[in-house]
Amino acid sequence: MKKYNVAVVGATGMVGRTFLKVLEEKNLPVENYYLFSSARSAGSKIKFMGKEYVVEELTENSFDRGIDIALFSAGGSTSEKFAPIAASKGCIVIDNSSAWRMDPKVPLVVPEVNPQDIEWNNGIIANPNCSTIQAMVALAPLHRKYGIKRVVYSTYQAVSGAGLAGYQDLENGLKGEAPKKFPYPIAGNCLPHIDVFCDNGYTKEEMKMVNETRKILGDDEIRITATTVRVPVFNSHSESINVELKKPFELDEVFELLRNSEGIVVQDDVKNNIYPMAITATGTDATYVGRIRRDESVDNGLNLWVVADNIRKGAATNAVQIAEKIMNKN
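Basically our numbering = 1-based index in the sequence shown + 10.
Shown next, in the form of structure tokens:
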């Protein structure tokens, strides 16, 4: 079996460190790892795979050494500059920023949903937004079987989705300190404001969910609306998803379909208070689905409660799974 050279770009950040954790767990056929960061973090040491690595500064020459796959989580501007450089040297970039997601020449991939799209990459593959990834794992089986007419997303997103600064805002806010990352305190509060506001009154996060859902499912006809909310939870995003399907369904069929779908764990036993929660999803790679019930206000309506670890499945694990698919193909 071929052995790969793999780079992690943004290795010292929250997602970058989770890349390393997931890579250690996966034990992929890798010959060499290279860890890169900005000049500010270069020179720091990270223990990984039983060795101590010195983090290198990312430069235009970083990929001149036969790197096969690079996992990027270093922000959009870094990806815009360095992903094409890496791709030009024969490297496949799996990028966690929003820079390439809606580029028609770049596949946007959730491995449980559209792994076939990996095939037509031109050296860059985009990792979707964290809140979109878990929604896709839950919705794709329904779309394949019944067709989706309309989706209403309401999200309850953890502060870790805003990086270390967001995490610290909640930690410090619980001690009564003023926020530095968010415009208002997040402790004891909910902020219906993730990313910047667009001219239509929606936030960029909300529009990401709309546009990315259509691209991943390959259906521009689905009607979608979203409200995304930052909540005082450290990790794991929760989502209330209301779906209007094109075909009638039996509820027990939906349960069976979701139970047998890749990447999903159904937790739905309301008599015993069993349903997905952020506190139990954290540290795992599954997408948890529960509170599965008819929306009795509309024909063929369904409600789902979907929870996943936004740093693992919503970012690092999804990217590593894409890398794994590439390796298994060769």
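Don't be surprised by glycine CBs; every beta carbon is placed ideally from N, CA and C.
Identify, in the order they occur along the chain, each residue of the same chain with its Cβ nearer than 6 Å to the Cβ of H153, setting aside the five sequence neighbours on each side. L227
If I measure Cβ to Cβ from P189 and keep anything under 7 Å in the same chain, skipping five residues before and after, which residues do I get? D179, G183, P195, I196
By the DSSP assignment, the alpha helix (DSSP H) with G6 in it spans what residues? Residue 6 is absent from the structure shown; the chain starts at 11 and stops at 340.
Under three-state DSSP, which class holds Q361? Any question about residue 361 goes unanswered here, given that the chain covers just 11 to 340.
Is P202 near the ligand NAP - that is, is its Cβ less than 7 Å away from at least one heavy atom of it? Annotation note on the ligand NAP: not contained in the displayed structure, which lists no ligands.
3 or more residues per run - each beta strand (DSSP E) lying fully within the region 105 to 167: 134 to 136, 158 to 167
Under a three-way DSSP split, which group does D305 fall into? strand
Residue range of the alpha helix (DSSP H) that includes S87: 86 to 98
Hey, would you say V65 sits closer than 8 Å to S83, going by beta carbons? no
Residue nearest to R27 in terms of C-alpha spacing, selected from L174, I204, G100: L174
Does the distance from the CB of S98 to the CB of H247 come in under 8 Å? no
Within 10 Å of its beta-carbon, does W315 have 16 or more other beta-carbons around it, so buried, or fewer, so exposed? buried
Taking I251 as the reference, which of Q331, K335, V317 has the closest Cα? V317
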